[in-house]
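Visitor: With positions in the sequence shown counted from 1, the corresponding number in my numbering is that position plus 62.
Note that CB positions come from ideal geometry on N, CA and C, so glycine has one too.
Note that the structure is a prediction, hence the values are computed from the model and not measured.
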Amino acid sequence: MEQGIIRFMNHVHDPSHYPKGKGVITTWIPTDYSFWEQFTYQSEAYRSEKELAGKKMLTFYINIG
């Protein structure tokens, strides 16, 4: 699926979101729920796919920065 919109929010101005010395960036990605409903919530497969998506977004974020 081609992605047309990806939004990032850096929470650098709100340290209540993260421990000292760390940071948080949230990502909003519109998606078709039918992809995710194939996974049982919090199953190993779900966590694995979620981790893969996170790694891809981090790589993307680093490369556009």
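Among Ile68, Ser105, Gln104, which one has its Cα closest to the Cα of Thr93?
Guide: That would be Ile68, whose Cα lies nearest to the Cα of Thr93.
Visitor: What separation, rounded to the nearest whole angstrom, lies between the Cα atoms of Asn72 and Thr88?
Guide: Going by the C-alpha atoms only, they are around 7 Å apart.
Visitor: State the Cα-Cα distance for the pair Lys142 and Phe70, rounded to the nearest angstrom.
Guide: Coverage of the chain is limited to positions 63 through 127, which leaves residue 142 absent and any answer about it impossible.
Visitor: Go ahead and pull the three-state DSSP assignment for Thr89.
Guide: DSSP places Thr89 in strand when its eight states are reduced to three.
Visitor: Starting from the C-beta of Phe122, find all residues in its chain whose C-beta is less than 8 Å away, skip the five residues before and the five after it, and write them out in chain order.
Guide: Closer than 8 Å at Cβ, skipping near neighbours: Ile68.
Visitor: So the alpha helix (DSSP H) Phe97 belongs to, where does it begin and stop?
Guide: Residues 95-98.
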